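Colleague: This is the structure I have questions about; it appears just below.
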Amino acid sequence: MRRRCGAASRGWERDRGRERGRGSGRGTREPGGAAAAGPLCRSGPAARSEVLAEAVSCLNRALSALGDIWEEIGIPEELRVERTGAVKKHVKNLLDMMVAEEEHLKEQLLRSVAAYRKELDSLCAELQAEPFQVRDTEQGSTILQMMKDLHTRVEALLKQKKDRKRELKALQEQDKNLCDILCVSNFSIDDSAVPSLDELERYRRHVAFLSAEKERRQEEFVSIKRQVILCMAELEHSPDTSFERDVVCEDEEAFCLSTDNIANLQSLLQQVRWHPELALL
């Protein structure tokens with residue numbers, strides 16, 4: 001009989017250990033489901049009554065066996081009553097200890113729920129998202145279900161945060177390259193914060209505009225450059241200023257497509273096109 005009770009105690013300890021592992025640390029982000037609540041809560045009222053009846057039966061059998069042993073030994077009745085009281089006290093202390101440990105586990109789980117709520121509130125503020133409402137125990141939800149719901153929402157918001165930061169970095173790289181070529185200012189945004197969806201949309205439009213503007217100026221530059229080279233060839237004139245050398249000799253991709261450079265390029269074309277020597281030809 002003692003072997004059966006001992007096995008049940010060890011099984012309870014294993015269930016407790018698994019439950020503690022789920023609720024004690026934020027590192028394990030995947031909380032257990034309803035199946036982790038232990039055999040008493042898992043199986044429903046009928047099975048719970050069966051387990052409780054088995055526990056009472058186990059205790060009665062153990063007390064009966066002890067009584068037989070004490071009688072065979074010859075322990076007096078008053079000592080048997082005393083020892084029976086010691087057994088009851090021992091069982092009560094064991095059950096009190098188990099209840100206290102389970103209460104401690106519950107407190108750990110509630111602290112985990114509070115930590116999830118705090119992290120969720122922080123993420124909602126960072127992402128400018130609507131606060132997430134979680135059903136609590138008063139609304140029929142268990143602590144483990146609350147942990148699962150909060151965990152799922154936290155993971156979803158962490159992914160959103162990561163995706164937004166990644167897109168922001170990519171847009172900033174594109175913006176920097178385009179601004180260097182066009183000689184314009186970078187898009188103003190706080191890169192230390194998580195961008196809102198509206199900010200990302202405005203940034204996308206800004207980068208798309210700069211990209212189109214670069215293509216337009218590049219085409220204009222290439223067209224004017226070819227005309228300048230043709231006019232200089234007809235004049236048998238070699239570039240003699242730094243700007244003329246930049247236009248004629250440098251790589252097209254290296255030319256700064258600022259509005260001033262485009263204006264100077266147009267002015268240079270007018271100069272060589274209306275050069276007196278070329279006008280006589």
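Using the UniProt record's numbering, the first residue of the sequence shown is number 1, and each one after it goes up by one. Note that CB positions come from ideal geometry on N, CA and C, so glycine has one too. None of the values given here were measured: they were computed from a predicted structure.
Quick one: what's got a C-beta closer than 6 Å to Arg135's C-beta in the same chain, skipping five residues either side?
Modeller: Against the sequence shown, residue 135 aligns to sequence position 135. Cβ neighbours of Arg135 beyond the five flanking positions: Ser141.
Colleague: May I ask which residues mark the beginning and end of the alpha helix (DSSP H) holding Thr142?
Modeller: Here residue 142 corresponds to residue number 142 of the sequence shown, with the count starting at 1. Unbroken run through Thr142: none, as it is neither H nor E.
Colleague: Does Pro45 come out as helix, strand or coil in the three-state DSSP assignment?
Modeller: Locating residue 45 in the sequence shown gives position 45, where the first residue counts as 1. Pro45: helix per DSSP, three-state reduction.
Colleague: Give the secondary structure of Ala254 by DSSP, where H, G and I count as helix, E and B as strand, and everything else as coil.
Modeller: Within the sequence shown, residue 254 is the residue found at index 254, counting from 1. Correct three-state label for Ala254: helix.
Colleague: So, with DSSP's three-state summary, where would you put residue 299?
Modeller: This structure cannot speak to residue 299, because the chain is shown only from 1 to 281.
Colleague: Pick out whichever of Lys214, Asn186, Ala193, Val87 has its Cα sitting closest to the Cα of Tyr203.
Modeller: By one-based count along the sequence shown, residue 203 stands at place 203. Of Lys214, Asn186, Ala193, Val87, the residue nearest in Cα terms is Asn186.
Colleague: Identify which residue in Asp190, Arg153, Ser188 has its Cα closest to the Cα of Tyr116.
Modeller: The residue given as residue 116 occupies position 116 in the sequence shown. Among Asp190, Arg153, Ser188, the Cα nearest to that of Tyr116 belongs to Arg153.
Colleague: Here's the rule: buried if 16 or more other CB atoms are within 10 angstroms of the residue's CB, otherwise exposed. What is Pro131?
Modeller: For this step, residue 131 is matched to residue 131 along the sequence shown. Pro131 is exposed by the Cβ-count criterion.
Colleague: With residue 295 and Leu157 assumed to form a contact (beta carbons below 8 Å), what rounded beta-carbon distance in angstroms separates them?
Modeller: Within the shown structure, residues of the chain are numbered from 1 to 281, placing residue 295 beyond reach of any answer.
Colleague: Can you confirm whether the segment 201-220 touches the segment 257-271 when touching is taken to mean that 3 or more C-beta pairs between the two stretches lie within less than 8 Å?
Modeller: yes
Colleague: Express the C-alpha separation of Glu244 and Ala193 in angstroms, rounding to a whole number.
Modeller: Here the question's residue 193 lines up with position 193 in the sequence shown. Here the question's residue 244 lines up with position 244 in the sequence shown. If I take the Cα positions, the gap works out to 45 Å.
Colleague: Which whole-angstrom value describes the C-beta separation of Leu168 and Leu210, a residue pair presumed to lie in contact below a C-beta threshold of 8 Å?
Modeller: For the purposes of this step, residue 168 is taken as the residue at position 168 of the sequence shown. For the purposes of this step, residue 210 is taken as the residue at position 210 of the sequence shown. In fact, because the Cβ distance is near 16 Å, the residues do not count as touching under 8 Å.
Colleague: Taking only the alpha-carbon atoms, compute the straight-line gap between Lys161 and Asp191 and give it to the nearest angstrom.
Modeller: Taking the first residue of the sequence shown as position 1, residue 161 is located at position 161. Taking the first residue of the sequence shown as position 1, residue 191 is located at position 191. Near 13 Å, if we compare the C-alpha coordinates of Asp191 and Lys161.
Colleague: Could you compute how far the alpha carbon of residue 282 sits from the alpha carbon of Leu79?
Modeller: Nothing can be reported for residue 282: it is not among the residues displayed for the chain, which extend from 1 to 281.
Colleague: Excluding the five sequence neighbours on either side, which residues of its own chain have a C-beta within less than 8 Å of the C-beta of Val272, listed in chain order?
Modeller: Residue 272 sits at position 272 when you count from the first residue of the sequence shown. Same-chain partners within the cutoff: Val228, Cys231, Met232, Leu235, His237, Leu278.
Colleague: Output the boundary residues of the alpha helix (DSSP H) element that contains Asp121.
Modeller: Here residue 121 refers to the residue found at position 121 of the sequence shown. Looking at the DSSP string, the run of the alpha helix (DSSP H) that includes Asp121 is 77-127.
Colleague: Among Ile69, Asn60, Glu54, Leu200, which residue has its Cα nearest to the Cα of Lys88?
Modeller: Translated into positions along the sequence shown, residue 88 becomes position 88. It is Asn60.
Colleague: Specify, as a first and last residue, the run of the alpha helix (DSSP H) that Arg135 falls within.
Modeller: Against the sequence shown, residue 135 aligns to sequence position 135. Where Arg135 is concerned, there is no enclosing alpha helix (DSSP H), given that its DSSP letter is neither H nor E.
Colleague: In angstroms with no decimal places, state the Cα-to-Cα distance between Ala55 and Pro45.
Modeller: If you number the sequence shown from 1, residue 55 lands on position 55. If you number the sequence shown from 1, residue 45 lands on position 45. Going by the C-alpha atoms only, they are around 15 Å apart.
Colleague: Taking the alpha helix (DSSP H) that Asn261 belongs to, which residues open and close that run?
Modeller: Walking along the sequence shown from the start, residue 261 turns up at place 261. 259-273 is the extent of the alpha helix (DSSP H) around Asn261.
Colleague: Does DSSP classify Asn177 as helix, strand or coil?
Modeller: Within the sequence shown, numbered from 1, the residue matching residue 177 stands at position 177. Helix, per DSSP.
Colleague: Alpha carbons only, please: which of Val51, Val81, Cys256 is nearest the one belonging to residue 336?
Modeller: Lying outside 1 to 281, the shown extent of the chain, residue 336 is not represented and no answer is given.
Colleague: Have a look at Val207, Arg205, Leu150, Gly74 and flag the residue whose alpha-carbon is nearest the alpha-carbon of Leu109.
Modeller: As a working note, residue 109 is residue 109 in the sequence shown. Comparing Cα-Cα distances from Leu109 to each of Val207, Arg205, Leu150, Gly74, the minimum goes to Leu150.
Colleague: When you compare the CB positions of Leu257 and Ile181, do they come within less than 9 Å of one another, or not?
Modeller: One-based indexing of the sequence shown puts residue 257 at position 257. One-based indexing of the sequence shown puts residue 181 at position 181. The answer is yes: Cβ separation under 9 Å.
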